[in-house]
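According to the numbering used here, the sequence shown is numbered sequentially starting from 507. Everything below concerns the one structure shown next.
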Amino acid sequence: MADDTGRLRREMDMLKLGAVLAALRLANSRLDPSTASSFEARHVVFEDVAPREVLAELLSKAPQAVLPGVFDPIFTRNSGSEEVFAALDPRTAAASPATLDASGTRQFIEVVRRMKQLVDEEFQLHFSSLHFAQLACRSVEPPRADSAEKVLNRTRRRTEQSQEDGASCALSKEEVDFSTHLAYLDLHSPGATTYRGGDLILDDRNGSLSPAAGRMVALELPVLGPGRFHGLEAGLRCHVGIGLIDHKDIMGKQIHSLAEAEALLAGFQPQFRPQDWRWDDENFERLCEVEASEAKEEIQVEGAGLNLKVEILSDLPDPQVIRVRGFLAASEAAELVKLSEPLLEEAVVLDQRDLVLASYRASRTAWLDDKDSDLLAEISRRIEAFTGLSLQSAEDFQVAYYHSKEAGHYAPHFDWGIETQLAEDFGSFRDGQGAAKSRGPRLATFLIYLSDVPGGGATTFVRENLTFRPEAGTALFWFNLKPPGDGDELVKHGACAVKNGEKFIMTKWINVVGNQAVLQESYGLPRIARHWRQALEVPSWRRLPARESVRPAREKGRIGLPEAFPDCTAVKCCCALSPSRLEAPGAAWAIRGVQFGHLHSATGGHGG
Ligand SMILES: O=C(O)CCC(=O)C(=O)O
Ligand SMILES: [Fe+2]
């Protein structure tokens, strides 16, 4: 299977991706600002996104494989009474290859991965997670009786109505999902034996784009704007569609996780759970008050001059989170506190590419370089030996200080942020020549408590239900990424308010560059995990289990779909967000200029 993947990858890399892009982009233009639904979005067209054989294979299998109604419930699903929509997501496909055989599933996953990569690169997305991905077919039989114009008008009215309803609905439901970017890849072109219509209409006044085999259109979405229409007139049309969310607060809502699909395809059985994270903040508050979590397993590890007890609090298929008491001696922790105290400054966090002082992090921080003290160099050596990871591209040590007077805390977050912006902003991230180093995202976090805390200050993992009490010298270690390099949605964690006294921690973020092999070796596993039973000198990562049997399909209706919002219908929640969120400074979906294809006759149908 790995060979297949490699071959497919190489083939796809060889394609001239996006070569026709420039030709299809017209000069930026703006809509009349008086238009009620002012719509400034950007769309980009790619040609030859996947090899023809891949498109043909997917197309030959799609009509039998797709299932009516398997779709993100937040999006409207009916495209009009004449149109039947059916879809399959990567995890469904991987869970029951009977509907799409293993080779088809593999290709589907690779195509989705490629599409996401192109959208991420084109729109320079830093936080995107896969909101949905689907192999979808629509059919209209017999041909629509309505004129295209009528269908379009009806769909437009329905969209406007759902936006009005949805706006109020979504306003009271901050948690509503939405995609910030979409992409559709056509598996085939319209024609006498296939289908008619299917143009993508970005705005009825401003243009449309005809489908063509291998063509992918990627859109940056205005959250409130007119709908996107890609209705059929007749026949059966199949495509691969993806939706991405590029916003750090929503990052990790990977409803359609490719990593999990890969794992399923490999015969691994991840533990699925409803991915509804509306309760993160409440859970955080609750976990702050509970007793420290107990280890599930304890393993004595030796080697490289270390002899430590590893406590495993959570393990595969969930993220492996471990605690090591006595990683530092009390005297070492105290020395580091002393070293960092004069250097502490108010903490900044990366907020959508800007470094800001944020209310959600009340703490002071200092950055310490190995060169600052022999002790730090020694601790780096210990971390390398212990984790088996290279610190070649790791960031400097960050000391964080929280005080009860400021109720010092750090709200639940992910550590996996991309560091390019940080590299430009922090001198300490530069190499000797002042050039920003390439580190890649934060693969893993090694956190060491430098002090006990008399009251509060626990570290909690809100989705794994773990609580750690600070004890000077104790370390925590976990991976932020999962194969093949996605942010892990289960490692969301936070620091509870310090209620009494003060808290010091020191963190080493270990980045991807230099550790790519670890990600590669874990390919096919739901997560990266270390075999702690091996001697420390032998870095050892859990390998893919042999594929023996195909798992039975999971219970229908539980496939990564969030719980329905109790008082929002699916249609109401479609694409709606508060306009104020759109206008918020620094919003991820800052809307750019418009680029349109040429104007074309309008066809109907409402596309999700
Ligand atoms: O202070 C803690 O317990 C956690 C800190 C943290 O998560 C971070 O600095 O990224
Ligand atoms: Fe963190």
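Glycine residues also receive a C-beta, built at the ideal position from the N, C-alpha and C atoms.
Candidates Ile751, Asn1017, Tyr908, Ser896, of which the one nearest Leu956 by Cα:
Taking only the C-alpha atoms, the option nearest Leu956 is Tyr908.
Buried or exposed, going by whether 16 or more other CB atoms sit within 10 Å of the CB of Tyr595?
The sequence shown places Asp at residue 595, rather than the Tyr named in the question. By the Cβ-count criterion, Asp595 is buried, with 16 or more other Cβ atoms from all chains shown falling within 10 Å of its own Cβ.
Verify whether the separation of the beta carbon atoms of Arg1033 and Lys988 is less than 9 Å.
For the 9 Å CB-CB criterion, Arg1033 and Lys988 form a contact.
Residue ranges of each alpha helix (DSSP H) run of no fewer than 4 residues wholly in the segment 783–833, ordered along the chain?
Runs of the alpha helix (DSSP H) inside the segment 783–833: 786–795.
Could you give the distance in angstroms between the alpha-carbon of Arg792 and the alpha-carbon of Asp786?
Using only the alpha carbons, I get a separation of about 10 Å.
With Arg870 and Glu852 assumed to form a contact (beta carbons below 8 Å), what rounded beta-carbon distance in angstroms separates them?
About 6 Å separates the CB atoms of Arg870 and Glu852; that is less than 8 Å, so the two are in contact.
Thinking just about the alpha-carbon of each residue, which of Lys622, Gln640, Gly979 is nearest to the one in Ala568?
For the residues Lys622, Gln640, Gly979, the minimum Cα distance to Ala568 belongs to Gln640.
Measuring from the CB of Asp902, is there a heavy atom of ligand 2 at a distance below 8 Å?
At a threshold of 8 Å, Asp902 does not count as near ligand 2, since its beta carbon sits no closer than that to any of the ligand's heavy atoms.
May I ask which residues mark the beginning and end of the alpha helix (DSSP H) holding Asp880?
Asp880 -> alpha helix (DSSP H) spans 880–893.
Integer Cβ distance of Phe790 from Thr966, believed to fall under 8 Å:
Contact between Phe790 and Thr966 holds, since their C-beta atoms are separated by about 6 Å, short of 8 Å.
What alpha helix (DSSP H) runs, 4 residues minimum, are completely inside the segment 1008–1034?
Within the segment 1008–1034, complete alpha helix (DSSP H) segments of at least 4 residues are found at 1022–1027, given in chain order.
Contact between the segment 1013–1027 and the segment 886–901: three or more CB pairs below 8 Å?
Contact between the segment 1013–1027 and the segment 886–901 is present, because at least three Cβ pairs lie under 8 Å.
Is there at least one non-hydrogen atom of ligand 2 closer than 8 Å to the beta-carbon of His915?
Incorrect: His915 has no Cβ contact closer than 8 Å to ligand 2.
Checking 9 Å against the spacing of the C-beta atoms, do Ile805 and Phe983 come in under that value?
Their beta carbons are not under 9 Å apart, which means Ile805 does not touch Phe983 by this criterion.
Under 8 Å from any heavy atom of ligand 1, does the C-beta of Asp692 make it?
Result no, Cβ not under 8 Å from ligand 1.
Determine the direct distance from the alpha carbon of Gln826 to that of Glu768, and round the result to whole angstroms.
Near 19 Å, if we compare the C-alpha coordinates of Gln826 and Glu768.
Which term fits Ala542, buried or exposed, when burial requires 16 or more other beta carbons within 10 angstroms of its beta carbon?
Below a pLDDT of 50, predicted positions are generally treated as unreliable, and Ala542, at 24, falls in that range; no measurement from the model is reported.
Measuring from the CB of Thr951, is there a heavy atom of ligand 2 at a distance below 8 Å?
Thr951: yes, Cβ under 8 Å from ligand 2.
Extent of the continuous alpha helix (DSSP H) to which Thr605 belongs:
DSSP places Thr605 in no alpha helix (DSSP H); its state is neither H nor E.
Does Leu897 come out as helix, strand or coil in the three-state DSSP assignment?
In the structure shown, Leu897 sits in coil (DSSP, three-state: anything other than H, G, I, E or B).
Closest Cα partner of Glu1043 within the set Val959, Val746, Ile889, Ala883:
Among Val959, Val746, Ile889, Ala883, the Cα nearest to that of Glu1043 belongs to Ile889.
Leaving out five residues before and five after Leu814 in sequence, what residues of the same chain have Cβ atoms less than 6 Å from its Cβ?
Excluding residues within five positions, the ones whose Cβ falls inside 6 Å are Val807, Val830.
Consider the C-beta atom of His999 and the heavy atoms of ligand 2; say whether any pair is separated by less than 8 Å.
Remark: the shortest separation between the CB of His999 and any heavy atom of ligand 2 falls under 8 Å.
Using the beta-carbon count (16 or more within 10 Å), is Leu796 buried or exposed?
As written in the sequence, residue 796 is Val, which differs from the Leu given in the question. Exposed.
Run of the alpha helix (DSSP H) containing Arg644, from where it starts to where it stops
No alpha helix (DSSP H) holds Arg644; the beta strand (DSSP E) holding it covers 634–646.
Per-residue DSSP class, three states only, for Glu726
Strand.
Ser837 and Leu874 - do their beta-carbons sit closer together than 9 Å?
Leu874 is not a Cβ neighbour of Ser837, given a cutoff of 9 Å.
Proximity below 9 Å, CB of Ala981 to CB of Leu953
Taking 9 Å as the cut-off, the Cβ atoms of Ala981 and Leu953 count as close.
Is the Cβ-Cβ distance between Ala622 and Leu706 less than 9 Å?
It should be pointed out that residue 622 corresponds to Lys in this sequence rather than to Ala. Cβ distance not < 9 Å, so Lys622 and Leu706 don't count as in contact.
Take Glu970 as the anchor and find which of Asp994, Asp958, Gln630, Gly962 has the nearest alpha-carbon.
When only C-alpha atoms are compared, the closest one is Asp994.
Does DSSP put Leu677 in a helix, a strand or coil?
Here Leu677 scores only 27 on pLDDT, less than 50, and its place in the model should not be relied on; the value that follows carries that caveat. In the three-state DSSP reduction, Leu677 falls in the helix class (H, G or I).
Just curious, the beta strand (DSSP E) that Val746 is in, first and last residue?
Start and end: 738–752.
Please give the ranges of any beta strand (DSSP E) in the segment 945–974, keeping only runs that are unbroken, at least 3 residues long and fully inside the region.
Counting whole runs of 3 or more residues, the segment 945–974 contains the beta strand (DSSP E) stretches 948–955, 965–967, 972–974.
Cβ pair Leu565, Phe614 closer than 9 Å
Between Leu565 and Phe614, the C-beta spacing is not below 9 Å.
Which residue comes first and which comes last in the alpha helix (DSSP H) that contains Lys567?
Per DSSP, Lys567 is one residue of the alpha helix (DSSP H) stretching across 558–571.
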